[in-house]
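To start, the structure itself, in structure tokens.
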Amino acid sequence: MEKSIILFDGVCNLCNASIDFILKRDKKNLFLVGALQEEAGKILLQKFNARTDYLDSLVLVEEGKIFFRSTAALKIAKNLSGLWPIFYPLIILPAWLRDPVYDWIGKNRYSWFGKKTTCRLPTPEEKAKFLTLEKLPN
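If you're matching positions, the sequence shown starts at 28 in the numbering used here and goes up one per residue.
Right under this line is the structure:
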């Protein structure tokens, strides 16, 4: 089974904390993660005809489809260990109801949580979980 790929804003402190959170709870080893700003992330976005300068939300690529914003977050939560899958049923709500809260947090993330000057680098233990050009799906 091909791993699902999560793309995130590599300089956003909130996004990086979210990736740390996901990696700790990805007990089934289902996800690869990568920064939207890196070459592999841009190539993947381009493959799905998404803007290569997109930084507005987490992006999930799963089973040949791409998901954004609250849909991506809920699909990720469904596969995490702990109680996080209990949030997945919110997917039945239309995105136009779910996404405004996601967008509001996204618009304020730098002012509330700060921003790094460069993308996050994986620790040696995390390296296998990070997307590289070699790990891009066909």
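Ideal Cβ placement from N, Cα and C applies to all residues, glycine included. Just so we're clear, the structure is a prediction, and the values are computed from it rather than from any experiment.
By the 10 Å Cβ neighbour count, where 16 or more other Cβ atoms means buried, how is residue 88 classified, buried or exposed?
Result: buried.
Tell me whether the beta-carbon of residue 93 lies closer than 9 angstroms to the beta-carbon of residue 75.
Closer than 9 angstroms, so yes.
Whole angstroms are fine: how far does the CA of residue 118 sit from the CA of residue 112?
Distance between the alpha carbons of residue 112 and residue 118 is about 11 angstroms.
Is it buried or exposed for residue 91, if we count other Cβ within 10 angstroms and need 16 for buried?
Residue 91 is exposed by the Cβ-count criterion.
Applying the 10 Å Cβ sphere with the 16-neighbour rule, what's the burial state of residue 47?
Classification for residue 47: exposed.
Quick one: what's got a C-beta closer than 8 angstroms to residue 160's C-beta in the same chain, skipping five residues either side?
Beyond the five residues adjoining it in sequence on each side, residue 160 comes within less than 8 angstroms, by CB distance, of 66, 67, 70 in the same chain, given in chain order.
Got a sec: does the ligand GDP put a non-hydrogen atom nearer than 8 angstroms to the Cβ of residue 69?
Ligands in the displayed structure: none, and consequently the ligand GDP is not present.
Return helix, strand or coil for residue 77, following the three-state DSSP convention.
Reduced to three states, the DSSP call for residue 77 is coil.
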